[in-house]
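Right, one structure below, let's go through it.
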Amino acid sequence: MGLESWTSEEGEAAFEEASLGSVGSSSASQPAGTDDPDGGQAHEEDSGWEAWGATNHGGVVFQLFSPPPGWRAQTFGRQALLPGRTYALTFRGSGSYLAHVYFTADDLASLRPGQVWADDRAMSTKDFDELVDDKC
Numbered sequence: 001m002g003l004e005s006w007t008s009e010e011g012e013a014a015f016e017e018a019s020l021g022s023v024g025s026s027s028a029s030q031p032a033g034t035d036d037p038d039g040g041q042a043h044e045e046d047s048g049w050e051a052w053g054a055t056n057h058g059g060v061v062f063q064l065f066s067p068p069p070g071w072r073a074q075t076f077g078r079q080a081l082l083p084g085r086t087y088a089l090t091f092r093g094s095g096s097y098l099a100h101v102y103f104t105a106d107d108l109a110s111l112r113p114g115q116v117w118a119d120d121r122a123m124s125t126k127d128f129d130e131l132v133d134d135k136c
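Start counting the sequence shown at 1; every next residue gets the next number (the working numbering).
Spelled out as structure tokens, the structure:
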């Protein structure tokens, strides 16, 4: 499970790199490590985290930048929603189920009480339950 972000310029650069046949992903989406050639500078304006061993039976609720303490999580950049960035929350379900939720700070700020962000739009929890009923 992980949360990563990018600006439109970084996204365009990653798309151009991929279309030129490069292997691997953009440095903007990889957590800085000890073998990171730029020493983590690519993440100075980024915000996100990556967690391993995040297993749950049923749902789990947590603040966006505070994965549960039992998860092994590596954070990078500022742990806050930043303007001008697109975020992707990626998670796995049972079997081979893999899902991504894309959003911006403005998307989340537009939510009213009782709404969730899914399928690139705001919706009620009832509509969300119906949307995922046959997928999860």
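Ideal Cβ positions, reconstructed from N, Cα and C, are used throughout, including at glycine.
All figures in this text were calculated on a predicted structure; none of them were measured in a lab.
{"Asked": "Taking only heavy atoms of the ligand NAP into account, decide whether any of them is closer than 6 Å to the Cβ of serine 124.", "Found": "Looking for the ligand NAP in the displayed structure turns up nothing, as the structure carries no ligands at all."}
{"Asked": "With a threshold of 16 other CB atoms inside 10 Å of the CB of tyrosine 97, please say whether the residue is buried or exposed.", "Found": "exposed"}
{"Asked": "Assuming glycine 48 and leucine 3 form a contact by the criterion Cβ under 8 Å, report the distance between their Cβ atoms to the nearest whole angstrom.", "Found": "4 Å"}
{"Asked": "May I ask you to report which of helix, strand or coil DSSP gives alanine 109?", "Found": "helix"}
{"Asked": "Between which two residues does the beta strand (DSSP E) containing leucine 89 stretch?", "Found": "86–92"}
{"Asked": "Are the stretch 74–93 and the stretch 116–131 touching by the rule of at least three beta carbon pairs closer than 8 Å?", "Found": "no"}
{"Asked": "Please report the distance separating the alpha-carbon of alanine 51 from that of glutamine 115.", "Found": "26 Å"}
{"Asked": "Under DSSP, the beta strand (DSSP E) around valine 132 begins and ends at which residues?", "Found": "Per DSSP, valine 132 belongs to no beta strand (DSSP E); it is in the alpha helix (DSSP H), 125–132."}
{"Asked": "So is proline 67 buried or exposed if we call it buried at 16+ other beta carbons inside 10 Å?", "Found": "buried"}
{"Asked": "Have a look at Pro83, Asp119, Leu111, Pro113 and flag the residue whose alpha-carbon is nearest the alpha-carbon of alanine 100.", "Found": "The sequence given here places histidine at residue 100; alanine does not occur at that position. Per the Cα distances, Asp119."}
{"Asked": "For alanine 80, which beta-bridge partners are listed by DSSP?", "Found": "Partner(s): none; alanine 80 has no beta bridge."}
{"Asked": "Return the CA-CA distance between aspartate 106 and glycine 95, expressed in angstroms with no decimal places.", "Found": "33 Å"}
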